[in-house]
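Structure record follows, encoded as structure tokens.
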Amino acid sequence: MKSPGSITAGDHLLDLKWNPEGTRLLVTPATGPVLVTDEAAALLEELPGHGMGNGSSAWFAGEPVTCGYDGKIHFGSREWKPGRGMIEHVRTSPDGSLLAAGQGKTLHIFDAAGSDEQSLRDLPTVVSDFAWNPKSPAEIATAGAGGAVLWRLGEKEPFARFDWGGASLQVRWSNDGRWLATADQTPSVHVYDIPKDTPLKMEGFESKVRALAFSTDGKRLATAGSPVVTVWPCASSKGPDGARPIQVDGSESEVQALDFSPVTGQLATGDGKGTLLVVTFEKGQFRRKRVRLDSGISTLAWHPSKPLMAVGHESGSVILLSLEA
Amino acid sequence: MSRIPVTILTGFLGAGKTTLLNRILGEKHGLRIAVIENEFGEIGIDHELVINAEEELFEMNNGCICCTVRGDLIRILGNLMKRRDKFDHILIETTGLADPGPVVQTFFVDEELREQTVVNGVVTVVDAHHFSRHVGETHEAEEQVAFADVIILNKCDLATPGELEATELRIRAINALAVIHHTTRAEIDIKKVLEVGGFNLDRATEINPHFLDAHGHHHHHHSDISSVGIEAEGECDGKKLNDWISKLVRDQGQDIFRMKGIFAVKGQADRVVFQGVHMLIDAASGGPWAGRPRKNSLVFIGRKLDREALTSGFRSCLS
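Quick note, the sequences are listed as chains A and B, same order.
For the first sequence, the positions run -16 to 308 when this note's numbering is used.
For the second sequence, the positions run 23 to 341 when this note's numbering is used.
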């Protein structure tokens, strides 16, 4: 693999986001300035950080959006402070028209002009994470105590509930719109077949599941929770139910980051000791390429249109790796 | 890797928590202290060291143990531990109406937090003038006292000597173990707030169950929350002790707020120290006896405690 560039931020890397065109990369460390780089990781701009801690970042209406423990959202040159509490995530709707931000028991929904009339307020629990339905820009799932809840913007009551009784740390919606998956505080993953209203539970992880990702076509779900990544088949009518998952070994410590390439369908995984795996799936089998990098891998992001990935480290460094021959 | 100490600050509405927090943040003590403030906190997140978080309670069911924990704390502390410039201390403020149990339990159940942080203790600020009224109005005021390692009896200047004595007796009847400091406008040496060591088994102090006899027995006490102290000569049978405590927390864990014990266990040269919060328990070596008499001391703080049953249950563990 070739490295077309690298950059170092001031702290542990929390999040990496390519813009939809793949011309800019947003580099978010745990604290301090958020960096905007070009496609070769050259610094273009430093954005102000968010005091005690940054949250995840996003691209919205062509501009970078950041958030954090100071309760603020920076959107281009604008600053929004919608409430008192910390903001851990901002996420853009699949059509790019709306921005969601969780703050306590409110899920703010902003348009580019800053109007938040469609926000979901006074929710029963604090929103720990949320995910837009890639098939419908008007639907969003919130995770928190009790499980996940699915909402349609403009409606006061949820259109579906995925209550399994525990606490979900992350929620992801598959690109085909069929599956909702949660990574939980207990060592488990819950998967919800939305059209069939059927819940599934996966257990046996060594620890709480810190990362999970759907493949771009929605046919695979990769879960961390140990040094072995489990890839669940989601294509059949029953999905992972009763199916034998693929177990991808080769990592040296717990896997902390997962991402599927939208271009090649390959899965990249990163562990706490710096082991990067690039996994290629072929007819129920897999082969993996293993690269040992300098420090623990905390986040990964594939380029939207090239076989190129950004690898973020606990040390604060970001390295770009190209799979092109 | 050294673990970051965490202090949990609790107290009823208006008791003086914010005054104390401002004092801690404003004094030149040379420590970098991160404060996680509740959603009604008054310091404000514009302060560079303050995070404002809405309490996110959830039930965690792990086999036979079921408890309520704070999800927001797990995520915030997890992120604070990732920072390159670590803090010297973390202070968590609960709301005036919060039960401190879920905050404490969070540190027992989350593996990552157990590895990277250590709960130093629970500090409860009590309004010396209004405590009797607060206790009559809600159960939270009593529970906050029951959980405390340190009680800051604040606004002493507003209470008469008689009120002060009555309040202290009432506090002692609920919690026989906590150290009580009298303050006005929360003026106190910060070390007495931060260097508590209440949950640190490595630094377990002597437990004196007789303290109860001196302070609590003859006081008319309206509450069903109390302390029970047990002391016994001899050695425990380790298996019997383990079985008894396991059954006790399984059957009565919801009513037991805090447990602390130092045991002489047959076959073990060192002291065995023990801590518990509701259904969660933790035990470790407490180091050598170093000339002190090998005896067992155990204190429970909780609701509807049956002194006779607890005493006979413990005595059945003696070998």
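Glycine residues also receive a C-beta, built at the ideal position from the N, C-alpha and C atoms.
Query: Cβ-based burial, residue 142/B [other Cβ within 10 Å; buried from 16]; Result: buried
Query: DSSP state of residue 104/B mapped onto helix, strand, coil; Result: helix
Query: Distance cut-off 8 Å: residue 264/B Cβ against heavy atoms of the ligand GTP; Result: Ligands displayed in this structure: none; no statement on the ligand GTP is therefore possible.
Query: Start and end residues, beta strand (DSSP E) containing residue 298/B; Result: 294 to 299
Query: Cross-chain neighbours of residue 109/A in chain B, by beta carbon under 8 Å; Result: 76, 77, 78, 93, 94
Query: Chain-order list of residues whose beta-carbon lies under 6 Å from that of residue 206/A (same chain, five-residue window excluded); Result: 172, 192, 195, 213
Query: Chain-ordered residues of the segment 92 to 123 of chain B with a beta carbon less than 9 Å from chain A; Result: 93, 94, 96, 97, 98, 101, 102, 104, 105, 106, 107
Query: Where the segment 129 to 140 of chain B meets chain A: residues whose CB sits under 7 Å from a CB there; Result: 133
Query: Secondary structure of residue 151/A, DSSP reduced to three states; Result: strand
Query: Residue 20/B vs residue 46/B beta-carbon contact at 9 Å; Result: What is shown of chain B runs 23 to 341, which leaves residue 20/B out entirely.
Query: Residue 39/B in three-state terms, based on DSSP; Result: helix
Query: Helix, strand or coil at residue 291/B according to DSSP, with G and I counted as helix; Result: coil
Query: Cβ shell of residue 334/B (< 7 Å), same chain only, five flanking positions each side left out; Result: none
Query: Cross-strand partners of residue 217/A (DSSP beta bridge); Result: DSSP lists no partner for residue 217/A.
Query: Buried or exposed by the 16-neighbour rule on C-beta atoms within 10 Å, applied to residue 331/B; Result: exposed
Query: Nearest-angstrom beta carbon gap, residue 77/A and residue 42/A [assumed within contact, 8 Å]; Result: 13 Å between Cβ atoms; not a contact.
Query: Any 3 or more C-beta pairs closer than 8 Å across the segment 124 to 144 of chain B and the segment 280 to 300 of chain A; Result: no
Query: Min CB distance residue 82/B to chain A below 9 Å; Result: yes
Query: Same chain, Cβ closer than 7 Å to residue 167/B, five either side skipped, listed in chain order; Result: 146, 148, 173, 193, 196, 197
Query: Beta-carbon neighbours of residue 128/A, restricted to chain B and to distances below 8 Å; Result: 78, 79, 80, 81, 93
Query: Beta strand (DSSP E) segment containing residue 273/B, residue limits; Result: Unbroken run through residue 273/B is the alpha helix (DSSP H), 260 to 274; no beta strand (DSSP E).
Query: Ranges of the beta strand (DSSP E) found wholly within the segment -14 to 59 of chain A, counting only runs of at least 3; Result: -4 to 1, 7 to 12, 17 to 21, 26 to 30, 41 to 43, 46 to 50, 56 to 58
Query: Cutoff 9 Å: residue 133/A Cβ touching any chain B Cβ; Result: no
Query: Simplified DSSP state of residue 333/B, which is helix, strand or coil; Result: helix
Query: Where the alpha helix (DSSP H) containing residue 129/B begins and where it ends; Result: 123 to 131
Query: Residues of the segment 168 to 194 of chain A whose Cβ lies closer than 7 Å to any Cβ of chain B, in chain order; Result: 168, 169, 190
Query: Contact check, residue -5/A vs residue 16/A, beta carbons under 9 Å; Result: no
Query: Residue 73/B vs residue 59/B beta-carbon contact at 9 Å; Result: yes
Query: CB of residue 32/B within 9 Å of CB of residue 200/B, strictly; Result: no
Query: Those residues which DSSP pairs with residue 200/A across a bridge; Result: The partner list for residue 200/A (beta bridge, DSSP) is empty, contrary to what the question assumes.
Query: Segment contact, 8 Å Cβ cut-off, at least three pairs: the segment 87 to 95 of chain A with the segment 61 to 78 of chain A; Result: yes
Query: Where residue 94/B sits in the DSSP three-state scheme; Result: helix
Query: Test: residue -6/A CB closer than 9 Å to a CB of chain B; Result: yes
Query: For residue 122/A, the first and last residue of its enclosing beta strand (DSSP E); Result: 119 to 135
Query: Amino acids of chain B, ordered along the chain, whose beta-carbon sits closer than 7 Å to that of residue 34/A; Result: 70
Query: Per-residue contacts from residue 71/A into chain B (C-beta, under 8 Å); Result: 97
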